[in-house]
Every structure is written in C-alpha cells, then in structure tokens.
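Asker: Under the numbering used here, the first residue of the sequence shown carries the number 1096, and numbering increases by one thereafter.
Cβ coordinates follow ideal geometry from the N, Cα and C atoms, glycine included.
Every value quoted in this text rests on a predicted model; they were computed, and no experiment measured them.
Handing you this structure, nothing more for now.
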Amino acid sequence: QQMVTELAQQGDRITRREVKQMSDQWTAMSSELLPEEVKEKSAEGGLPSSYLAPLVKEMEKLPEIHLIPLQEAIATNPDVDTVKHVTSDARCLAKYLDASAQVQAINHTSLDMELALDEALRLDCLNTAADLVKQALALEQVVGKLYTTWKRLGSLSDRLYVDTGSSTPHLRLLLTCMDRLAGDVIEVPLDESGEQLIRLKVMTET
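Structure, rendered in structure tokens:
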C-alpha cells in the first residue's frame, strides 16, 4: 500500500497489473510460511512472486503439521514447477481437511482421517480423495435441503387440500400432481420424455 501511495504521489500511473504484482511481492516476501531459500530465489528474480502468492494463501489455511512437508519440498527445489505442484497439494489438503470435518458420515465412525490422508498422499491420489469428501459434503447438504423442502411442500399441500373441494377441480388436480413429490416416495423424471425416472423414499428416524 505504501509503495502504491508513493508512486501515486510522484504522479506515476499505476496499472491494476502493477498493483497486483506489488501485492504478490509483498505477500511472498513478508510471509513466514515460505522458507528463506524460496524468498532468496524470488528476490534474485529466479522465482516470480506471482507463483508464490497463491501458495502462501493456500498454506495459510493449513495447520502447522501439514505445512512442514510442503515447506521442505519447496526449500529443496525452489523452482516454478515445484511451487505449482506444492500449491496444488496445499489446495487439495485444505479442501480435504475442511470438507472431512463437516461430513456427518465420517464424524460418526472410528475412521482416522489423518491416516486416510497419509495413504492418499502415499498413493498420490490426494486430489481424488479431496474431491470425494467435498462431494460427500455437498450431497449431505443437498439431502438436508431436500428434506426441508419436502416437508414444506407436504405441509402446503395439506393446507391447500383443506381449503379446496369439488368446486375447485383444477386446484385438486394440482394437488394430485404434487403427490409425486409430496408423498413418501418422491418421483422425478430425469429427462423430458419421462422414460428415465428416479424414485427416492423418505424414511426418517428419531
């Protein structure tokens, strides 16, 4: 910010690209997460800060225990390819840790997600594992929303049924159509022809 202000006071025109470049440089050089070897390489011009800033942002999301192997990797090979690879790993790690902490199907078991993570790293399938738990979380959230909407639809159908009768045949037909969605078995066509149909049975436990 100070650099931008000084340039503005000098009357220099500052482009958005230059502001981003200065921001990336500041992020890289001021971060305590990057090893000194990486900072030195960047200061010498051998490692563009534009690659380091995204890495720092991803590393900031991780607990310290997961930072050590990433820091060792870029300290050993402070080059663009390694930084890009480590950035991808850090992003997957953050996604994995965030989603796995919220998935109910995992929380109610004895599964050790750290050991599962170690295995995923060993097999180099962290990205797949991260996507798996992220999709599991998304599915649980969709099911929760589906149940809430289904309950609301059933309540509205019951209310409208009470308010209608033989004098409102079209409203009654509307309610009949809603039976495919408001009943215990939800039926939804997967295509316009209706040939492919998905059925979901709602069963609740207290």
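Which same chain residues end up closer than 6 Å to SER1126 when comparing Cβ atoms and leaving out the 5 residues on each side of it in sequence?
Answerer: Same-chain partners within the cutoff: VAL1151.
Asker: If I'm right that ASP1174 touches LEU1142 with Cβ under 8 Å, what's the distance once you round it to whole angstroms?
Answerer: Sure, about 7 Å apart at Cβ, within 8 Å.
Asker: What is the rounded straight-line gap between the Cα of PRO1130 and the Cα of SER1144?
Answerer: One C-alpha to the other measures close to 14 Å.
Asker: Determine, using beta carbons only, whether ILE1199 and GLU1235 come nearer to each other than 8 Å.
Answerer: Sequence check: residue 1199 is Gln here, not Ile. Yes, the pair counts as a contact, with Cβ atoms nearer than the cut-off.
Asker: Indicate whether the contact test is met: 3 or more Cβ pairs, each with one atom in the segment 1220 to 1231 and one in the segment 1186 to 1198, closer than 8 Å.
Answerer: Contact holds: three or more Cβ-Cβ distances are below 8 Å.
Asker: Among VAL1178, GLY1249, GLU1135 and PRO1284, whose alpha-carbon lies nearest the alpha-carbon of LEU1149?
Answerer: Per the sequence presented here, residue 1149 reads as Pro, with Leu not at that position. Ranking VAL1178, GLY1249, GLU1135 and PRO1284 by Cα distance to PRO1149 puts VAL1178 first.
Asker: Does the segment 1249 to 1261 come close enough to the segment 1206 to 1222 that 3 or more CB-CB pairs lie under 8 Å?
Answerer: Short answer: they don't touch.
Asker: Under the three-state reduction of DSSP, which class applies to PRO1130: helix, strand or coil?
Answerer: Looking at PRO1130 - three-state DSSP - the assignment turns out to be coil, as it is neither helix nor strand.
Asker: From ILE1169 to ASP1213, what distance separates their C-alpha atoms?
Answerer: Roughly 19 Å separates the two Cα atoms.
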